[in-house]
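Everything on this sheet refers to the single structure shown next.
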Amino acid sequence: MSVVAHNGLRFLSVATALAIAGAGCSGERIVNTDEPPPTTRASTSAAPPKPPSSKHLVNAFDYVAHPQQAAVYYFTTPSGRWACAIVPRVKAGCQSATGWASGMGISGAPTSVPDASGVDSTPNAVVIERAGDAHFVVLDEPEFSLTATDPGSEAKRLDFNRILAAAGFRCNVQESGVSCMSESSGKGFTFSAQEFVPRYTEVPPEAP
1 MSVVAHNGLR FLSVATALAI AGAGCSGERI VNTDEPPPTT RASTSAAPPK PPSSKHLVNA
61 FDYVAHPQQA AVYYFTTPSG RWACAIVPRV KAGCQSATGW ASGMGISGAP TSVPDASGVD
121 STPNAVVIER AGDAHFVVLD EPEFSLTATD PGSEAKRLDF NRILAAAGFR CNVQESGVSC
181 MSESSGKGFT FSAQEFVPRY TEVPPEAP
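Dropping the structure here:
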């Protein structure tokens, strides 16, 4: 009798252990089902930004000049109102093509900014550098005009919906205004006589 009872307890213990183990396995399957698959996080990552369009590019060599033995890419707008330049790997900027010292006459531009000596003065150019935001500056001399830096020479006109890209910068002229960008930072400016916007405006791919 005692042997049978002992065997019965042993069988009960084995059955209990199997039941507990089965319950534990079942619990693990439920937990694993709730775990997100490893590929879920990868699929939600943001797509890399698209590179700027290469359509409508002009030949940069048609715009290069060498004042003071350094290459600079100059252009004027179709209206002849603005003169702009790309200084390789340094900056791109624009100024008035005439009467540059008195300012640019852009609605929304600051009325004064510190000049090189820290004195507040009327800004007469807008600049985007390799890094940082676009900003207005006070020039001591007409830095973005080829005629001023190389008397007797004239900058080539950049027609509407054409893009001049050189040495880390790109600029274009559209009906909405003049726009330049640092390809390193993606920051830039767009301006016309009516407004200033601190971002680059790309030429639409469907533009003529």
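Numbered by the UniProt record's numbering, the letters in the sequence shown go through residues 1 to 208 in order.
We put the beta carbon where it would ideally sit given N, CA and C, even for glycine.
Values in this document were obtained by computation on a predicted structure and should not be read as measured data.
Short Cβ contact (8 angstroms threshold) for residue i with residue j
{"i": "residue 77", "j": "residue 146", "result": "no"}
{"i": "residue 86", "j": "residue 164", "result": "yes"}
{"i": "residue 107", "j": "residue 115", "result": "no"}
{"i": "residue 105", "j": "residue 193", "result": "yes"}
{"i": "residue 128", "j": "residue 55", "result": "no"}
{"i": "residue 210", "j": "residue 83", "result": "In the structure as shown, the chain starts at 1 and stops at 208, and residue 210 therefore has no counterpart that could be examined."}
{"i": "residue 150", "j": "residue 67", "result": "yes"}
Option nearest residue i by Cα separation, candidates the options
{"i": "residue 199", "options": "148, 134, 72 and 192", "result": "134"}
{"i": "residue 144", "options": "180, 93 and 113", "result": "93"}
{"i": "residue 65", "options": "204, 171 and 152", "result": "152"}
Backbone CA spacing between residue i and residue j [nearest angstrom]
{"i": "residue 126", "j": "residue 185", "result": "17 angstroms"}
{"i": "residue 63", "j": "residue 156", "result": "6 angstroms"}
{"i": "residue 173", "j": "residue 195", "result": "15 angstroms"}
{"i": "residue 190", "j": "residue 202", "result": "10 angstroms"}
{"i": "residue 118", "j": "residue 137", "result": "11 angstroms"}
{"i": "residue 204", "j": "residue 72", "result": "26 angstroms"}
{"i": "residue 90", "j": "residue 179", "result": "17 angstroms"}
Residue i CB to nearest heavy atom of the ligand FMN below 7 angstroms
{"i": "residue 173", "result": "In the structure shown, the ligand FMN is absent, as is every other ligand, since no ligand is present at all."}
Contact set for residue i: own chain, Cβ-Cβ below 7 angstroms, skip 5 residues either direction
{"i": "residue 154", "result": "146 and 147"}
{"i": "residue 103", "result": "122, 123 and 124"}
{"i": "residue 109", "result": "123, 136 and 196"}
{"i": "residue 167", "result": "86, 88 and 89"}
Close-in-space but distant-in-sequence residues of the same chain around residue i (CB under 6 angstroms, 5 per side omitted)
{"i": "residue 131", "result": "185"}
{"i": "residue 207", "result": "161"}
{"i": "residue 197", "result": "190"}
{"i": "residue 58", "result": "162 and 164"}
Beta-carbon contacts of residue i that lie in its chain and below 8 angstroms, excluding the five residues immediately before and after
{"i": "residue 111", "result": "122"}
{"i": "residue 176", "result": "190, 192 and 201"}
{"i": "residue 61", "result": "none"}
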